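Take a look at the structure below.
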Amino acid sequence: MKTTTLEYTPVDLSRWARKEHFEVFQSFAQSTINQTVLVDITVLLKYIKESGWKFYPTIIFLLSKIVNSHAEFRMAIKNNELVIWNEIHPSYTIFHNETETFSSLWSHYDGNIHHFQDVYSEDVACYGNNLSYWPKEESRENVFFVSAIPWVSFTSFNINVANMQNFFAPMFTIGKYYQQDGKVLLPLAVQVHHSVCDGFHVARLFNELQEMCDDILRLSEEFNA
165 MKTTTLEYTP VDLSRWARKE HFEVFQSFAQ STINQTVLVD ITVLLKYIKE
215 SGWKFYPTII FLLSKIVNSH AEFRMAIKNN ELVIWNEIHP SYTIFHNETE
265 TFSSLWSHYD GNIHHFQDVY SEDVACYGNN LSYWPKEESR ENVFFVSAIP
315 WVSFTSFNIN VANMQNFFAP MFTIGKYYQQ DGKVLLPLAV QVHHSVCDGF
365 HVARLFNELQ EMCDDILRLS EEFNA
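Using our numbering, the letters of the sequence shown map in sequence onto residues 165 to 389.
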């Protein structure tokens, strides 16, 4: 198996504003935050159809851009020390109709939405027919997680993970989008660990995602310049 050199920055707990909160939620108050919102993807979906992009990798890219912009979504425990990954990549699910199972596949994120469309397509073409849970040989620790349930919409979604104490990677779940009052709405749920972030950070994530969905044309043009 190919090994990858991972880069991260240790957190100086003595100077971190959330030091006390971190210690509380690592001890007696271990908990996660789960929140589901409806994202207005009307403008985004129109642009995707016009540009020939694919919906799933576009949403994965936007989530990747946000989590890479904020340290609280890139935290992990390495060698009993709290660290921040310098970069984090999406690990997402691919469904297999023939077996009704899925695989977990990751793709490299470099901040360029056009590059990511290509990388995603290449990875799916290469590994999409492999029924293994982890079809890609190279493993990564610095990932966050995205799964999709495109067969049903939902207003709430919750994932229960045992031994969550040091599991800090965000976990996103995407539902089936639908039309309502002239808008196209996408159910999106996220689970994060309370040790490293709070409701404020989750709210900022969703607000930034909505802003990018509304302004996808400018975001795309940034990489064409």
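Even glycine gets a Cβ: it sits at the ideal position worked out from N, Cα and C. Here the structure is a predicted model, which is why all the values come from computation and not from measurement.
> Where does PRO254 sit, in a helix, a strand or coil, going by DSSP?
Replying inline: strand
>> Measuring CB atoms only, is the segment 349-368 touching the segment 189-205, in the sense that at least three cross pairs come out at less than 8 Å?
In response: yes
> Is the segment 237-250 close to the segment 263-277, with three or more CB pairs under 8 Å?
Replying inline: no
> Which of helix, strand or coil does DSSP assign to ILE248?
Replying inline: strand
>> If you follow the beta strand (DSSP E) that THR200 is in, where does it begin and where does it stop?
In response: 196-204
> Smallest Cα separation from MET335: which of GLY346, PHE321, TYR342?
Replying inline: PHE321
>> Excluding the 5 residues flanking GLY292 on each side, which residues of the same chain have their C-beta closer than 6 Å to its C-beta?
In response: ILE258
> Any chance the segment 305-323 sits against the segment 279-288, with 3 or more Cβ pairs inside 8 Å?
Replying inline: no
>> Quick check on this structure: which residue in LYS213, ILE212, GLU184, PRO221 has the alpha carbon closest to the alpha carbon of ALA312?
In response: PRO221
> Apart from the five residues just before and just after PRO174, which ones in its own chain have a Cβ nearer than 6 Å to its Cβ?
Replying inline: GLU245, VAL247
>> Taking contact to mean 3 or more Cβ pairs, one atom from each stretch, closer than 8 Å, check whether the segment 205-217 and the segment 260-267 are in contact.
In response: no
> Fully enclosed by the segment 249-303, which alpha helix (DSSP H) runs are 4 residues long or longer?
Replying inline: 277-291
>> Per the DSSP calculation, THR337 is bridged to which residue(s)?
In response: SER311, ALA353
>> If contacts are defined as beta-carbon pairs under 8 Å, then SER317 and LYS347 qualify, I think. What distance do you get, rounded to the angstrom?
In response: Not a contact, Cβ separation roughly 13 Å.
> To the nearest whole angstrom, what separates the beta carbons of VAL360 and MET239, a pair I think is in contact under 8 Å?
Replying inline: 5 Å
> In three-state DSSP terms, what is THR319?
Replying inline: coil
> What separation, rounded to the nearest whole angstrom, lies between the Cα atoms of LYS183 and GLN194?
Replying inline: 15 Å
> With a Cβ-Cβ cutoff of 8 Å, do THR196 and HIS357 count as a contact?
Replying inline: yes
>> Below 8 Å on the Cβ atoms is my contact criterion, and I expect LEU474 with MET376 to pass it. Report the Cβ-Cβ distance as a whole number of Å.
In response: Residue 474 cannot be examined here, being either before or after the span of the chain that is shown, 165 to 389.
> Going by C-alpha distance, which of TYR342, ASP362, ASN371, SER255 is nearest PRO314?
Replying inline: TYR342
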